[in-house]
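Numbering (my numbering), first residue to last: 58 to 193.
Here's the structure, in structure tokens; my notes come after.
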Amino acid sequence: MATIQNKYQGNLRTQAQHLASGNTIITDAPLDNNGRGEAFSPSDLVCAALGSCMMTIMGIVAERNSIAIEGMEIETTKIMVADPRRIGEIVLTFKMPAIAYTAKEKALLENAARTCPVAMSLHPEIKQSVSFNYQN
């Protein structure tokens, strides 16, 4: 059974609907690729999916091990390359809450992020540069 239905709306815009929930998102081609840049581009969504997946798997590990991560943030930078035009690198910088994490907790969380399903699904030529900034 399908999970997503996409429709082309014209002018380089698409709409995707999550069939189970009915939620929708739109994409636009970016300004540097003939688009309006009024929404996430498809490649932006790949980067957002990577960050969201990392946070989700970290959340599962955190709940399982009673580790607080509420308020965690990620700043993501997408670096495109040419020939062919594609994502060359995704830079993710985590800002962790001001908590004194133990070395074991840091290792658990960082491993969870780096081995999330989206990270493991991306082509190995897409460099994933991940750093963690701890506030304590």
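Note that the Cβ used here is the ideal one computed from N, Cα and C, for glycine as well.
- Just measuring C-alpha positions, the residue of I82, N80 and S100 sitting nearest L88 is S100.
- With a cutoff of 9 angstroms on beta-carbon distance, C110 and V187 are scored as not near each other.
- Classified as buried, D85 has 16 or more neighbouring CB atoms from the shown chains inside 10 Å of its CB.
- Relative to the Cα of E182, the nearest Cα in the group Q62, V138, L166 and I131 belongs to V138.
- Here A164 is exposed. Its C-beta has fewer than 16 other C-beta atoms within 10 Å.
- G128 carries a coil assignment under DSSP once its states are collapsed to helix, strand and coil.
- The residues D85, in chain order, have a CB closer than 7 angstroms to that of E95 in the same chain once the five nearest residues on each side in sequence are set aside.
- Secondary structure note for R121: its alpha helix (DSSP H) is the uninterrupted segment P99 to R121.
- Assignment of beta-bridge partners to A73 by DSSP yields N63 and I82.
- Residue pairing from DSSP places L149 in a beta bridge opposite T133 and V187.
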